[in-house]
Amino acid sequence: MSQADSNINHTKATNRQSVNTGKNNMDKNNLATPNYTPQLKAFCEVIESRRSVRRFTDTPIPDDVLAECLRLAMLAPNSSNLQPWEFYVIDSADNRKRAIKNCMNQNAAKTSARLIAVVARTDIWHDHAQQVLREYPDKPVPKKVKDNYTKVVAADFLRGPVNAISVVKWGATQVARRLKGPIKSPYYTFEDVKNWATNNTALAAENLMLALRAHGFDSCPMGGFDEPAMKKLLGLGDDHHVVMMIGAGERADNGVYNTQFRFDQDQFVHYV
Ligand SMILES: Cc1cc2nc3c(=O)[nH]c(=O)nc-3n(C[C@H](O)[C@H](O)[C@H](O)COP(=O)(O)O)c2cc1C
Numbered sequence: 012m013s014q015a016d017s018n019i020n021h022t023k024a025t026n027r028q029s030v031n032t033g034k035n036n037m038d039k040n041n042l043a044t045p046n047y048t049p050q051l052k053a054f055c056e057v058i059e060s061r062r063s064v065r066r067f068t069d070t071p072i073p074d075d076v077l078a079e080c081l082r083l084a085m086l087a088p089n090s091s092n093l094q095p096w097e098f099y100v101i102d103s104a105d106n107r108k109r110a111i112k113n114c115m116n117q118n119a120a121k122t123s124a125r126l127i128a129v130v131a132r133t134d135i136w137h138d139h140a141q142q143v144l145r146e147y148p149d150k151p152v153p154k155k156v157k158d159n160y161t162k163v164v165a166a167d168f169l170r171g172p173v174n175a176i177s178v179v180k181w182g183a184t185q186v187a188r189r190l191k192g193p194i195k196s197p198y199y200t201f202e203d204v205k206n207w208a209t210n211n212t213a214l215a216a217e218n219l220m221l222a223l224r225a226h227g228f229d230s231c232p233m234g235g236f237d238e239p240a241m242k243k244l245l246g247l248g249d250d251h252h253v254v255m256m257i258g259a260g261e262r263a264d265n266g267v268y269n270t271q272f273r274f275d276q277d278q279f280v281h282y283v
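Its first residue numbered 12, the sequence shown is counted upward by one per residue in the numbering used here.
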């Protein structure tokens, strides 16, 4: 077991406390600053010790731990707080068997304690815009917020039959750009909305994997699965997209297949 692993397992009990109270017991005054070393150290340990684990032990992930990890997943940043994600925890023996087959019988699925389909929704923006207004914490809901979730969001997402509204939106955007300067493009096509929903959902998926790690568990994201078969199994329609499958559990000794490496930062980071 690596030092990072043992530190994370060591802090499990503390983490479980915050699960039980449902509250984060961190002192607000100690929120991350570059020089608050213990928190930064813990953060680095979680990130650096996360690996894609392909073999798990028989140890189950307790329901309350999984629920807490999913709560943390859903704290991911997301566009206009529209939360276009869903998580299907595939627990029933029959569904699991079929889901594992749909994951091409990968060990990460076969040996997982929990198998989760992370799903992006392209149809939910309208309902969620209304839900944001219903559940908005500040009452009365400020006019600016109301306008955003009624007018701006609708203008962003509405496409009309055969993208007819999108054609008008495209023209209006070109004109506005010329007259006013920079303007964010709205979504013109189904692919645009799918991309939007997938971006948001992938951030939640990463949060979920890091939360599992912080609780001493591990995960493997899987893109290697039969999406139509998985959607059929889960009863999902055309507006649901399985972004990735996540196998999760306790890391087995032979769970990590290779040494982690990344290319040099210079190859990817551009200071412009
Ligand atoms: C979108 C995505 C799809 C992936 N699909 C698979 C998969 O089907 N099977 C698998 O074993 N690993 C899969 N991985 C894991 C990657 O192989 C792994 O993240 C990469 O090799 C880096 O290793 P690390 O995660 O341990 O740092 C996937 C990762 C991502 C982000």
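Even glycine gets a Cβ: it sits at the ideal position worked out from N, Cα and C.
Just so you know, these numbers come straight off a predicted model, no measurement behind them.
Boundaries of the beta strand (DSSP E) harbouring S230: D229 to M233, taken from the DSSP string. The Cβ-Cβ distance between A263 and R66 falls below 7 Å.
Beta-bridge pairing by DSSP links W96 to A131.
One Cα belongs to A120, the other to G258, and the distance between them is close to 5 Å.
I111: member of the alpha helix (DSSP H) spanning A104 to N113, first to last residue. For H251, the enclosing beta strand (DSSP E) has its first and last residue at H251 to G260. Contact between W181 and A131 is ruled out by a C-beta separation of about 24 Å, above the 8 Å threshold. T133 sits close to V204, with the two beta carbons spaced by under 7 Å. Pairing S177 with V164, the inter-Cα distance amounts to about 14 Å. A residue is called buried once 16 or more other Cβ atoms fall within 10 Å of its Cβ, and H281, having fewer, is exposed.
Here F168 is not bridged, per DSSP, to any residue.
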